[in-house]
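Each remark here refers to the structure printed beneath this line.
2 protein chains.
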Amino acid sequence: MKTLFAAAALGAGLLFASAASSDDLRATGDLGLIIERATGTALIVESTDRTVLAQVEGLGNLSHASVVYSRDERYAYVFGRDGGLSKVDMLTGKLVGRVMQAGNSIGGAISDDGKLIAVANYKPGGVNVFDADTLELISEVPAIYDEEGNQSKTIGLVDLPGRRFAFSLWDGEQTWILDYSKGLKPEVTKLTDIGVFPYDALVTGDGRHYIVGLFGEDGLAHVDLWKEPLKVERIMDGYGKGEEPLPVYKMPHLEGWAKANGMFALPAIGRHEVLFMDEREFTEVDRVAVHGQPVFAMARPDGRQIWVNFAPPHNDTIQVIDIMDRKIIKTLKPGPGVLHMEFTPRGEEVWMSVRDKNEIHVYDTTDFSLKEVLPAEKPSGIFFTSRAHQLGL
Amino acid sequence: MKTLFAAAALGAGLLFASAASSDDLRATGDLGLIIERATGTALIVESTDRTVLAQVEGLGNLSHASVVYSRDERYAYVFGRDGGLSKVDMLTGKLVGRVMQAGNSIGGAISDDGKLIAVANYKPGGVNVFDADTLELISEVPAIYDEEGNQSKTIGLVDLPGRRFAFSLWDGEQTWILDYSKGLKPEVTKLTDIGVFPYDALVTGDGRHYIVGLFGEDGLAHVDLWKEPLKVERIMDGYGKGEEPLPVYKMPHLEGWAKANGMFALPAIGRHEVLFMDEREFTEVDRVAVHGQPVFAMARPDGRQIWVNFAPPHNDTIQVIDIMDRKIIKTLKPGPGVLHMEFTPRGEEVWMSVRDKNEIHVYDTTDFSLKEVLPAEKPSGIFFTSRAHQLGL
Chain L
10 MKTLFAAAAL GAGLLFASAA SSDDLRATGD LGLIIERATG TALIVESTDR TVLAQVEGLG
70 NLSHASVVYS RDERYAYVFG RDGGLSKVDM LTGKLVGRVM QAGNSIGGAI SDDGKLIAVA
130 NYKPGGVNVF DADTLELISE VPAIYDEEGN QSKTIGLVDL PGRRFAFSLW DGEQTWILDY
190 SKGLKPEVTK LTDIGVFPYD ALVTGDGRHY IVGLFGEDGL AHVDLWKEPL KVERIMDGYG
250 KGEEPLPVYK MPHLEGWAKA NGMFALPAIG RHEVLFMDER EFTEVDRVAV HGQPVFAMAR
310 PDGRQIWVNF APPHNDTIQV IDIMDRKIIK TLKPGPGVLH MEFTPRGEEV WMSVRDKNEI
370 HVYDTTDFSL KEVLPAEKPS GIFFTSRAHQ LGL
Chain U
10 MKTLFAAAAL GAGLLFASAA SSDDLRATGD LGLIIERATG TALIVESTDR TVLAQVEGLG
70 NLSHASVVYS RDERYAYVFG RDGGLSKVDM LTGKLVGRVM QAGNSIGGAI SDDGKLIAVA
130 NYKPGGVNVF DADTLELISE VPAIYDEEGN QSKTIGLVDL PGRRFAFSLW DGEQTWILDY
190 SKGLKPEVTK LTDIGVFPYD ALVTGDGRHY IVGLFGEDGL AHVDLWKEPL KVERIMDGYG
250 KGEEPLPVYK MPHLEGWAKA NGMFALPAIG RHEVLFMDER EFTEVDRVAV HGQPVFAMAR
310 PDGRQIWVNF APPHNDTIQV IDIMDRKIIK TLKPGPGVLH MEFTPRGEEV WMSVRDKNEI
370 HVYDTTDFSL KEVLPAEKPS GIFFTSRAHQ LGL
């Protein structure tokens, strides 16, 4: 842990606290971790007074990184691009565990009971499951999808209720569900022929609908996990049909799909549009022209606003869509490299990484005023501890 | 704070920890407060290892009590029946503030930014707003509803996004919205003639729909807070028409309304039924006959299951309804006086107060096994800290 005294010079009025200060006790409900992608570090922040508490070093290659939290919000588990799984103590700012669990990984999830950490890997493929306390490897699931024993890259790993996980096979064109409810040897359910090149997936906040983005097709795959027997259906088929797609500069993230007002808002691949899909019928109900190719379309926790960021060369801009009439109600220009946004748990503020300015911006979501600027080194993903309490992350 | 050494004798295998133990640091994401109504005390519990950490004394009359949390999950604010507002430090187990703010109160709420605590009062009526840090009274809103200056009891107080609150006037038959976004002098919006004897209200988890139970009428009042100008509409009108209602032993709580699978589940007043209402049309889509007169109908966080408890003489029983086909899939008999349930944030367990056995039961929601029994003195409401991150509580 390195406290940010150097960085303090960058921003006036910053308060720095640490676990060694006069009040040793600190709650964890307002904490967050901000990935600094270039330096393999992360900032621990708190959102009540909007300050940086500590910097954590030694997290490896964070060019693509995601974070989940222990159920008590004490520990962050950081999934790095290099296959590293790091465990950070949010109260001491210390790296308390780290394993190189694969050659290349794309994300992970924590079981609903907080006991299991699952990681999806590109190399060698498959999914590894670790003990959340010790980071001991306790289950390996090779993603072998054909008779020759070829193993697939895995993507779109999410937790499901009942100590289960779902993920998909990029090469294998399958979705698998792992059920650890009866112990550490999972029951595996395999759904085949889901579509060409599943590249990311999400599960809805109720753990019911698993939806897979397909890079090789103009549509999505959908599994209703509440309907037995499980089957894959195509949805939004041909949603770009008859139009010339734009070049794709950045894969849209499905995890950021917003559900609000009976609709999902989702970034269209290779288009300057946000799509709105009915949450019951999975049919398109609206599409909104936006400033660039959307990367994340994220709902404020109450669902009233959808905040959208964009791929280069439009990644200096944020647009806000009102869910009621799908009109753009605000365009902000935080600066170059707006990579990620995270709402405070009840949505009164949104935190934003402005990578190329080395800044975190905090906006009020009621009047859109800029409430705080914090220094950060090439910040990317922002993850608040309230994620500990959410399904499907 | 009194640690529970006496109570330890009641339950084998309990672990007792406190802030004074070897590891002084503790996260707050898995903590909760359980009201002990007869003794004016509350237990601080943690749901990871399922233990009691401390007992807090001096909370006054808790015959009707509710709890909200500071945004960092450090402090619990307890609203007692006697008009007392108590502030409890969840990390030290100490009562750190208490004000007698009215003669008789029915509940409260915390603003989305965590700065304001609002309390709804029966005597003298109206709403008081306190500074969350100091418990200083900073705004008084008398609920005067006629030209004679009569003041109403207030009920159904909830927080709304943008530093706002909504509540209703039992005597005045009105709903008011207080907007503190511009400072401590609120803008007040008044909706009149909402119906006879509003006795409780809820706002949906997205902060959009404010729904008021009417004790004097066979229907509900509804305000869509996203549609300007605001107006009150009647919904579920005459849902008990043509049938003889049963005597009402206990007011059904509206806060426990469950939203799942596109429906709200709600306890029917004076009937042995749970009603299911379409979340878009606000029309009845199903009703399920249950074991008694329901008090709370609560959705597991993923919405797949609805857990129902009952008024006397059926309050020894719990029933679980599957949201997909609205069939009762489980009947449990925890024992006499099942007063309240609270799900762990991701729903893998449910905690239950069994008052007349002086026990807390913890059930697994996947296989319905009883995982833990903890001793408690006449327990009633259970409130986990994850509520800090939710709207409309």
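Keeping their order, the protein sequence lines are chains L and U. Each residue of the first sequence is one higher than the one before, counting from 10 in the working numbering. Each residue of the second sequence is one higher than the one before, counting from 10 in the working numbering. Glycine is no exception: its CB is placed at the ideal position from the N, C-alpha and C atoms.
Looking at the C-beta of U:Gly171, does it have a partner C-beta in chain L at a distance below 9 Å? yes
### Under the three-state DSSP convention, the category L:Asp365 falls into
helix
- Query: Taking buried to mean at least 16 other C-beta atoms within 10 Å of its own C-beta, is U:Ala141 buried or exposed?
  - Reply: buried
Practice item. Please determine if the stretch 131-139 of chain L and the stretch 109-118 of chain L are in contact, where contact requires at least 3 C-beta pairs separated by less than 8 Å. Key: yes
What's the call for U:Ala385, buried or exposed, on a 16-neighbour Cβ count within 10 Å?
buried
Min CB distance L:Lys236 to chain U below 9 Å: yes
Subject >> Local Cβ density within 10 Å of L:Asp168, reported as buried at 16 or more and exposed below that >> reply: buried
Count Cβ pairs between the stretch 201-210 of chain U and the stretch 179-187 of chain U that sit closer than 8 Å; are there 3 or more? yes
CA-CA distance, L:Pro343 and U:Ala397?
29 Å
Give the DSSP bridge partners of L:Glu182, in chain order. DSSP, once it has assigned bridges, lists no residue as partnering L:Glu182.
Euclidean distance between Cα positions of L:Met245 and U:Gly216: 29 Å
request  = Tell me whether U:Glu351 is buried or exposed, calling it buried when 16 or more other Cβ atoms sit within 10 Å of its Cβ.
outcome  = buried
Report task. Output, in chain order, the set of chain L residues within a Cβ distance shorter than 9 Å of U:Leu34. Result -> Ala28, Asp33, Leu34, Arg35, Arg83, Asp98, Leu100 and Thr101
task: Return the Cβ separation of L:Ala74 and L:Arg59 in integer angstroms, given the expectation that the two are a contact with Cβ distance under 8 Å.
output: About 22 Å; that fails the 8 Å criterion.
Discussion item. With H, G and I counted as helix, E and B as strand and the rest as coil, what does DSSP make of U:Ser395?
Written reply: helix
Q. By the criterion of Cβ-Cβ separation under 8 Å, what are the contact partners of L:Glu357 in chain U?
A. Asp121, Asp122, Pro170, Gly171 and Arg172
I want to verify the contact list: residues of chain L whose CB lies under 7 Å from the CB of U:Ser395, in sequence order.
His398
(request) List the endpoints of the continuous beta strand (DSSP E) containing L:Ser95. (result) Gly93 to Asp98
Just how far apart, CA to CA, sit L:Lys96 and U:Ile147? 43 Å
Under 9 Å between C-beta atoms, does L:Ser177 make it to chain U?
-> no
- Partners in chain U for L:Met333, counting only beta-carbon separations shorter than 7 Å: Trp235
- Query: To the nearest whole angstrom, what separates the beta carbons of U:Gln314 and U:Asp331, a pair I think is in contact under 8 Å?
  - Reply: 6 Å
If we cut at 9 Å on Cβ distances, does L:Glu55 have a partner in chain B? In the structure shown, chain B cannot be found, because the protein chains are L and U.
I'd like the list of long-range same chain contacts for L:Arg309, defined as Cβ closer than 6 Å, with 5 residues on each side in sequence excluded.
Phe352, Gly356 and Thr374
If we ignore side chains and look at the alpha-carbon of each, how far apart do L:Gly92 and U:Thr57 end up? 28 Å
| said: Could you pull the DSSP bridge partners for L:Glu55 from this structure? | reply: L:Leu40 and L:Thr60
Q.
So with CB distances below 9 Å, who are the chain U contacts of L:Asp39?
A. Ser79, Arg80, Asp81, Glu82, Arg83, Gly123 and Ala397
Practice item. Determine the direct distance from the alpha carbon of L:Ile220 to that of L:Lys199, and round the result to whole angstroms. Key: 15 Å
Measure from the alpha carbon of L:Val150 to the alpha carbon of each residue in L:Leu144, L:Pro195 and L:Gly116, then state which is nearest. L:Pro195
**Report entry** First through last residue of the beta strand (DSSP E) which encompasses L:Glu293
**Finding:** Glu293 to Ala298
task = Using a Cβ-Cβ cut-off of 9 Å, state whether L:Ala269 counts as contacting chain U.
result = yes
Between the beta-carbon of U:Val299 and the beta-carbon of U:Ile337, is there less than 9 Å?
yes
On the DSSP letters alone, give me the boundaries of the beta strand (DSSP E) that L:Met245 sits inside. L:Met245 -> no beta strand (DSSP E), and no H or E assigned at all.
Interface positions of the stretch 326-354 of chain L facing chain U (Cβ-Cβ less than 7 Å), listed along the chain
Met333 and Pro354
*C-beta neighbour in chain L for U:Ser190, strict 9 Å*: yes
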